Amino acid sequence: MKPVLPGATVGVLGSGQLGRMFAIAARRMGYRVHTFSPDADTPTGQVADLEVIAPYDDLDAVRRFAAGVSVVTFEFENVPAPTAQAAADYAPVRPRGEVLHTTQHRLREKTFLTNAGLPLTPFRTVTTSDDLVRAVADLGCPSILKTADFGYDGKGQIRVTSPEQAAAAWNAIGNVPAVLEALISFEREVSVVAARGADGEYADWGVIENRHHHHILDLSIAPASVSDSVAREARELTRAVLDSLDVVGVLCVEFFVEPGGRLLINELAPRPHNSGHLTFDASVTSQFEQQLRAVCGLPLGSTELLRPAAMANLLGDIWNGHEPNWLAACAHPDVKLHLYGKLAPRPGRKMGHLTSLAPTPESALDRVLAARNALISG
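To convert, note that position 340 of the sequence shown is 339 in numbering that gives the first Met the number 0; the numbers rise steadily by one, no gaps.
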């Protein structure tokens, strides 16, 4: 493909914090950035050259937006597939709309992984209450019922603890198409964030360990504490996913690591990922610069980790009616503060993150937790 060179304009569908950090990386390299979403004064819009405010289903507005840029990418997977298709009438969309279509729907995603022969958690398709009863009988309890569409950070899912709870769980998700997943006993959750160019060039940032709180990512540590064989297999499986989907851009594969080191794919995210935020400070090339390089047809950059790192999310909960103590957090000299420009903190809303670099992953985790504790109580 013909490279899109610095000085050109890149369009972003979506306007959250992922787009914000992408725009910062793009502007540093001399690109202009336009963002499209239904909202105003967004995290991306605050640093973009142009913020277009229109509904995603206004396809005429989408086409006008795409006509004004050289390439289009997206910063979250819940952009409607018809929106990506409309943009593709006027500019290349990377990753392709087909990648978005597959990964934004749990059943399509799991069907793709199954057909590709990749390991994933056992699941059953649920479209009726009777399907759910049969699925619970097959997989047992406890299990997790997840809506097929538009789920992230624990949204659209409920634990089924007994067969008798099936009807209530079906009603709780709104009687919509879903998947039932077996509840896996795992040692840890890890992810591999990777990039792929149009020519098949591939790069990843190794295995990152993730710790969640109330289904929302809380902490990420790199490199993860896994064996060399597990790390090698996770990276090989991730490359197989990107190659099978023919991804041009960045994609994250989330894994469960079972006792004994067996890997099961949990979810895919076809864009930069929260667990990769630490690459902004800790790697030669961040996931955001790499997304830009991939979608613009530039050679991929080095993913070398400069030092072990840890990232701690900052949710709206920490405001608790007053401004956090930014001075106390910034008093930790090897901790970096990233805020996303969101005006209204809410419980569970991702408002920013802290990243620490240190000689070991354990000391990086200790430092980032100390800074977050100081921010809350200092």
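Just so you know, even glycine gets a beta-carbon here, dropped at the ideal spot from N, CA and C. For clarity, every value in this text was computed on a predicted model and none was experimentally measured.
Cβ-based neighbour list, residue i, same chain, cut-off 7 Å, excluding 5 preceding and 5 following
i    : result
A197 : M0, V247 and G296
N319 : none
K145 : R105, G155, Q156, A177, V178 and E180
F75  : G13, G15, L17 and R270
Spatial neighbours of residue i in its chain, beta-carbon cut-off 8 Å, leaving aside the 5 residues before and after
i    : result
T8   : Y30, R31, V32, H33, D48, G67, V68 and S69
P42  : S14, G15, Q16, G18, R19, Y339, G340 and K341
E200 : P298 and L299
P81  : D56 and L58
W204 : V191, V192, A193, A221, G275, T278, S282, Q286, T302 and L304
S226 : G260
Buried or exposed (CB count within 10 angstroms, at least 16 for buried), residue i
i    : result
D129 : exposed
A166 : exposed
N114 : exposed
G6   : exposed
A363 : buried
W325 : exposed
T160 : exposed
G96  : buried
E163 : exposed
G139 : exposed
N273 : buried
L131 : buried
A83  : buried
Helix, strand or coil at residue i according to DSSP, with G and I counted as helix
i    : result
E50  : strand
N319 : coil
T354 : strand
L236 : helix
S184 : coil
S226 : coil
E266 : strand
C251 : strand
T8   : strand
G18  : helix
E303 : coil
S282 : strand
R231 : helix
V367 : helix
V246 : coil
A311 : strand
G199 : coil
R261 : coil
G275 : helix
N174 : coil
L297 : coil
Chain-order list of residues whose beta-carbon lies under 6 Å from that of residue i (same chain, five-residue window excluded)
i    : result
P360 : I220 and P307
R107 : T101
G351 : L313, H337, L338 and Y339
G315 : P344, R345, P346, R348 and M350
I52  : A39
A223 : V189, V206, I207 and E208
P258 : E186
E266 : E253
Any 3 or more C-beta pairs closer than 8 Å across the region 352-371 and the region 318-332: They touch, by the three-pair rule.
Touching by the beta-carbon criterion (3+ pairs, under 8 Å), the region 31-45 and the region 1-20: Contact holds between the region 31-45 and the region 1-20, because three or more Cβ pairs, one in each stretch, are under 8 Å apart.
Contact between the region 169-189 and the region 116-132 (3+ Cβ pairs under 8 Å): yes
Entirely enclosed beta strand (DSSP E) segments - the region 23-80, minimum 3 residues: For the region 23-80, the full-length beta strand (DSSP E) segments reaching 3 residues or more read 31-36, 49-52 and 70-73 along the chain.
Inside the region 84-168 only - beta strand (DSSP E) runs reaching at least 3 residues: 122-125, 142-146 and 156-159
Stretch-stretch touch, CB-based, cutoff 8 Å, three pairs: the region 233-252 with the region 339-350: no
The region 206-217 / the region 283-292 touching (three or more Cβ pairs under 8 Å): Not touching, per the Cβ criterion.
Cβ contact check for the region 76-91 and the region 254-266: 3 or more pairs under 8 Å: no
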